[in-house]
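What follows is a set of notes on a single structure, which appears directly below.
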Amino acid sequence: MANSQHCGRRMLSLLSSAHLLWPFIGLFSTLLATLLTLSWLFINSLSENIATHHAIFGVCLLQLISIFIAINITGHLCQQLLRPLVNLEHTVARVCQGEPGASESLCHAGVLTTMARDISSLNAELTELYEDMDARVARQTLRLAQKTASLKILYDVAASINQAEGLEAMLLRFLRILKQMVNGRAATVRLLFTDGKQQLIGSIGLNDDLIALQPHSPLDLCLCGTVLCPGDILCKHDARYCSRVYGRQMFNSDQIEVVTVPLKHQEQLFGVYTIFVDRPGVTVREDILELLATIGQHIGVAIAKQRSDDEARRLSIIDERNALAHELHDSLAQTLASLRLQMRMLEDGLKTVTLSPAVLIDLNRMRNGIDEAHHELRELLANFRAPLEQHGLLLVLKQLADRFQQETTIHTLFHSNCHNPELSAAEELHVIRIAQEALHNIRKHAQAQTVRIVLMREANGVIQLVIEDDGIGFIDLRRTEHQRSINRSGEHIGLSILEDRARRIGGELTLESEPGEGTRIELRFHHAAVPLQQVKTYAHSFN
Numbered sequence: 001m002a003n004s005q006h007c008g009r010r011m012l013s014l015l016s017s018a019h020l021l022w023p024f025i026g027l028f029s030t031l032l033a034t035l036l037t038l039s040w041l042f043i044n045s046l047s048e049n050i051a052t053h054h055a056i057f058g059v060c061l062l063q064l065i066s067i068f069i070a071i072n073i074t075g076h077l078c079q080q081l082l083r084p085l086v087n088l089e090h091t092v093a094r095v096c097q098g099e100p101g102a103s104e105s106l107c108h109a110g111v112l113t114t115m116a117r118d119i120s121s122l123n124a125e126l127t128e129l130y131e132d133m134d135a136r137v138a139r140q141t142l143r144l145a146q147k148t149a150s151l152k153i154l155y156d157v158a159a160s161i162n163q164a165e166g167l168e169a170m171l172l173r174f175l176r177i178l179k180q181m182v183n184g185r186a187a188t189v190r191l192l193f194t195d196g197k198q199q200l201i202g203s204i205g206l207n208d209d210l211i212a213l214q215p216h217s218p219l220d221l222c223l224c225g226t227v228l229c230p231g232d233i234l235c236k237h238d239a240r241y242c243s244r245v246y247g248r249q250m251f252n253s254d255q256i257e258v259v260t261v262p263l264k265h266q267e268q269l270f271g272v273y274t275i276f277v278d279r280p281g282v283t284v285r286e287d288i289l290e291l292l293a294t295i296g297q298h299i300g301v302a303i304a305k306q307r308s309d310d311e312a313r314r315l316s317i318i319d320e321r322n323a324l325a326h327e328l329h330d331s332l333a334q335t336l337a338s339l340r341l342q343m344r345m346l347e348d349g350l351k352t353v354t355l356s357p358a359v360l361i362d363l364n365r366m367r368n369g370i371d372e373a374h375h376e377l378r379e380l381l382a383n384f385r386a387p388l389e390q391h392g393l394l395l396v397l398k399q400l401a402d403r404f405q406q407e408t409t410i411h412t413l414f415h416s417n418c419h420n421p422e423l424s425a426a427e428e429l430h431v432i433r434i435a436q437e438a439l440h441n442i443r444k445h446a447q448a449q450t451v452r453i454v455l456m457r458e459a460n461g462v463i464q465l466v467i468e469d470d471g472i473g474f475i476d477l478r479r480t481e482h483q484r485s486i487n488r489s490g491e492h493i494g495l496s497i498l499e500d501r502a503r504r505i506g507g508e509l510t511l512e513s514e515p516g517e518g519t520r521i522e523l524r525f526h527h528a529a530v531p532l533q534q535v536k537t538y539a540h541s542f543n
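Per full-length UniProt numbering, the sequence shown starts with residue 1, numbered consecutively.
Below, the structure written as structure tokens:
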């Protein structure tokens, strides 16, 4: 009802704007006045003659027919022109406002059907343009969001270069970021070493058994190891190739592609991120590929800087220790050498004198003491340089074990479960010194036949060094007043030094010994940078 009233008012408005309203009113008024006049004449002519009466009746009939035709024409005009015109105007207004489905109301357009069809077509094109514009705006918004996220990631990477954060912690943090960035199903990060091995630093979404299968994979048989040499982003093999290499299915779906992000700086490769993504993955996203490559380069710079800083600290310690070694050589070593010479001259001078057995025993004790002090000083000077000039704690400990066996003929075994524990220079130094002091005590006191040296790294990041022998052992009375006084007098020298070195690296030293059962020394400390080659964060679990 309201729509009809609105349509009627709008038709009157259209007639008025077209200057047709008053002509229509005048036409109907004239016809009505003529009809009324003829009716009055007809009534008055009843008394006239029949001919006049019939003439007036005929004119009235024609007038009625004219009025009926005029009403019919007016209704048809409203139905076929004015009402569609009002509807058309309303539809055009809705189209201009961008309302969806605005042209559906033009199904009855009367004589304006062609125009209504054109307007419907125009409305469809406008709708497509609006939708395309919305899609473009959404794509641009998403692209800007991705660019913002990319810039944030790059900023975090650049900021990490100058932060004191541990290398492994930084690699794991960006492992999660990169996996989320490409919507990956699983991801790993490995570091490459000079011996061609890769060390697993961390993983997300891979099965425990698969990770434990090869924690130190060779370069050409690892997760994406084949692409490390060319340094490509996209692996030329899919996940099925990795499944064949490891002899087991890695994922439930074969629609997985492998993305690798080399961590390199100045053509030197330090490691690789490996991300498993659903196809088509990132192959159609050149911006993502460029971002991954840039992130890899920045992280490579961070790794190179940290290793350079470690090497600088190592060289600084070497210089300091070399200077100290020179000072000892020029002072204490020369003094001991002079004492040895004087002792020999004294013995030569006393050969012509008859000495009592007690004096001869004292002379032998003095000579042996001076010789032992001279030998230990020379060994100390040699050890000042050797540990830090080598690259790697494992190699130094292995060389210590081999040299100890050669010098003492004591069967010495060395074992380690960690490939390359990247400790700080101070931590390496204290570990080596503890091992040297323990071996020195075994040489002097243990009377052992076998010595075992074990370096272990636990999953929680604890480094464990165990040195044990099958010698004569001793009663551990260090906690008693009697033993403390003995320590002050020089017995069991070196044990308190070992404990002090352990405390310097935040560790704990335990000693177990029983007479006739040998001695076991255990050092435990937590590495400053958590050893993450066995730390695994799981977002999902796949077969």
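Note that beta-carbon positions come from the ideal geometry of N, C-alpha and C, so glycine has one too.
Note that the structure is predicted; figures quoted are calculated from it, not measured.
Review point. Comparing alpha-carbon positions, which option in G184, A145, I69, S121 lies nearest T91?
Key: The count along the sequence shown starts at 1 and reaches residue 91 at position 91. T91 has its Cα closest to that of S121, out of G184, A145, I69, S121.
Check your understanding: In this structure, does DSSP put I432 in helix, strand or coil?
Key -> By one-based count along the sequence shown, residue 432 stands at place 432. Helix.
Check your understanding: In chain order, what residues of the same chain have a beta carbon less than 6 Å from the beta carbon of R367, not counting five sequence neighbours either side?
Key -> Translated into positions along the sequence shown, residue 367 becomes position 367. Taken in chain order, the residues that qualify are M343.
Check your understanding: Is there at least one non-hydrogen atom of the ligand MN closer than 7 Å to the beta-carbon of V353?
Key -> With respect to the ligand MN, the structure shown offers nothing to examine, as it has no ligands at all.
Check your understanding: What did DSSP end up calling I204 once you bin it into helix, strand or coil?
Key -> The residue labelled residue 204 in the question sits at position 204 within the sequence shown. Looking at I204 - three-state DSSP - the assignment turns out to be strand.
Review point. Start and end of the beta strand (DSSP E) containing D469?
Key: Here residue 469 refers to the residue found at position 469 when the sequence shown is read from its first residue. It spans 462-469 - the beta strand (DSSP E) in which D469 sits, taken as one unbroken run.
Practice item. Give a yes or no on whether the C-beta atoms belonging to E508 and R524 are separated by under 8 Å. Key: Residue mapping note: residue 508 aligns to position 508 of the sequence shown, counting from 1. Residue mapping note: residue 524 aligns to position 524 of the sequence shown, counting from 1. Result yes, Cβ atoms of E508 and R524 sit closer than 8 Å.
**Study point:** Residue environment, M345, which counts as buried when at least 16 other CB atoms sit within 10 Å
**Key:** As a position in the sequence shown, residue 345 is number 345, starting the count at 1. Exposed: under 16 other Cβ atoms inside 10 Å.
Practice item. On the DSSP bridge assignment, give the partners of A186 in chain order. Key: Locating residue 186 in the sequence shown gives position 186, counting from the first residue. Looking at the DSSP assignment, A186 forms a beta bridge with F276.
Review point. Could you give the distance in angstroms between the alpha-carbon of I295 and the alpha-carbon of A138?
Key: Within the sequence shown, numbered from 1, the residue matching residue 295 stands at position 295. Within the sequence shown, numbered from 1, the residue matching residue 138 stands at position 138. The straight-line gap from Cα to Cα measures roughly 26 Å.
Review point. Alpha carbon to alpha carbon, what distance is there between I505 and D348?
Key: The residue you call residue 348 lines up with position 348 of the sequence shown. The residue you call residue 505 lines up with position 505 of the sequence shown. When rounded, the distance between both Cα atoms is 50 Å.
Check your understanding: When you compare only the Cα positions, how much space is there between residue 559 and V261?
Key -> This structure gives no information on residue 559, because the portion of the chain shown stretches from 1 to 543.
Check your understanding: In the DSSP assignment, what residue or residues form a beta bridge with P357?
Key -> The sequence position of residue 357 within the sequence shown is 357, counting from 1. Bridge partners of P357: none, in fact.
**Study point:** Host beta strand (DSSP E) of G518 (start-end)
**Key:** Taking the first residue of the sequence shown as position 1, residue 518 is located at position 518. Counting along the chain, the beta strand (DSSP E) containing G518 begins and ends at 518-526.
Check your understanding: Which residues mark the beginning and the end of the beta strand (DSSP E) in which F193 is found?
Key -> As a position in the sequence shown, residue 193 is number 193, starting the count at 1. Run containing F193: none; DSSP gives neither H nor E here.
**Study point:** Where the alpha helix (DSSP H) through R176 begins and ends
**Key:** Along the sequence shown, one-based indexing puts residue 176 at 176. It spans 167-181 - the alpha helix (DSSP H) in which R176 sits, taken as one unbroken run.
Check your understanding: Is the Cβ-Cβ distance between A438 and I463 less than 8 Å?
Key -> Against the sequence shown, residue 438 aligns to sequence position 438. Against the sequence shown, residue 463 aligns to sequence position 463. Contact: no.
Point to revise | Residues bridged to M456 (per DSSP) | key: Position 456 of the sequence shown, counted from the first residue, corresponds to residue 456. Note: M456 sits in a beta bridge opposite Q464.
Check your understanding: In this structure, what does DSSP give as the bridge partners for K444?
Key -> Looking up residue 444 in the sequence shown gives position 444. Answer is none; K444 lacks a bridge partner.
Exercise for review: Please classify F414: does DSSP put it in a helix, a strand, or coil?
Suggested key: Walking along the sequence shown from the start, residue 414 turns up at place 414. Annotated three-state conformation of F414 is strand, per DSSP.
Check your understanding: Skipping 5 residues on each side, what residues in its chain have a beta carbon closer than 6 Å to that of E427?
Key -> In the sequence shown, counting from the first residue as 1, residue 427 sits at position 427. Closer than 6 Å at Cβ, skipping near neighbours: I505.
Check your understanding: When the Cα of V189 is compared with those of I275, Q146, A135, which residue comes out closest?
Key -> Looking up residue 189 in the sequence shown gives position 189. Closest option to V189, Cα to Cα, is I275.
Point to revise | Start-to-end residues for the beta strand (DSSP E) that takes in L423 | key: Here residue 423 corresponds to residue number 423 of the sequence shown, with the count starting at 1. Segment: none, L423 is in no beta strand (DSSP E) and carries neither H nor E.
Exercise for review: State yes or no: is the C-beta of D469 within less than 8 Å of the C-beta of V451?
Suggested key: If you number the sequence shown from 1, residue 469 lands on position 469. If you number the sequence shown from 1, residue 451 lands on position 451. Contact: yes.
Exercise for review: Check whether the Cβ atoms of L175 and A186 lie closer than 8 Å to each other.
Suggested key: As a position in the sequence shown, residue 175 is number 175, starting the count at 1. As a position in the sequence shown, residue 186 is number 186, starting the count at 1. Their beta carbons are not under 8 Å apart, which means L175 does not touch A186 by this criterion.
Review point. Would the beta-carbon of I432 fall within 8 Å of that of V396?
Key: Locating residue 432 in the sequence shown gives position 432, where the first residue counts as 1. Locating residue 396 in the sequence shown gives position 396, where the first residue counts as 1. Cβ distance < 8 Å, so I432 and V396 count as in contact.
Check your understanding: Alpha carbon to alpha carbon, how far is E125 from E131?
Key -> Within the sequence shown, the letter at position 125 stands for residue 125. Within the sequence shown, the letter at position 131 stands for residue 131. Cα to Cα, the separation comes out at about 10 Å.
Review point. Is T408 helix, strand or coil when you go by DSSP?
Key: Indexing the sequence shown from 1 puts residue 408 at position 408. In this structure, T408 counts as helix in the three-state DSSP scheme.
Point to revise | N87, buried or exposed, once every other Cβ within 10 Å from all chains shown has been counted against 16 | key: The sequence position of residue 87 within the sequence shown is 87, counting from 1. Flag for N87 reads buried.
Practice item. Could you have a look at T148 and say whether DSSP puts it in helix, strand or coil? Key: Within the sequence shown, numbered from 1, the residue matching residue 148 stands at position 148. DSSP places T148 in helix when its eight states are reduced to three.
Point to revise | R307 to A337 span [Cα, whole Å] | key: Position 307 of the sequence shown holds residue 307. Position 337 of the sequence shown holds residue 337. Between R307 and A337, the C-alpha separation is close to 41 Å.
Review point. Along the chain, where does the beta strand (DSSP E) that runs through T352 open and close?
Key: As a working mapping, residue 352 is identified with position 352 in the sequence shown. Premise fails: T352 is in no beta strand (DSSP E) and is neither H nor E.
Check your understanding: Thinking just about the alpha-carbon of each residue, which of L332, I288, A293 is nearest to the one in L269?
Key -> In the sequence shown, residue 269 corresponds to position 269, counting from 1. Considering only alpha carbons, the answer is A293.
Exercise for review: Please go through the same chain and pick out, in chain order, the residues whose beta-carbon is closer than 8 Å to the beta-carbon of L380, but skip the five residues on each side of it.
Suggested key: Working through the sequence shown from its first residue, we reach residue 380 at position 380. L328.
**Study point:** Three-state class that DSSP yields for H68 in the structure shown
**Key:** Reading the sequence shown from its first residue, position 68 is the one you call residue 68. First, the amino acid is wrong: residue 68 is Phe here, not His. Correct three-state label for F68: helix.
Practice item. Could you name the residues that DSSP lists as bridge partners for K264? Key: Within the sequence shown, numbered from 1, the residue matching residue 264 stands at position 264. Its beta-bridge partners are L269.
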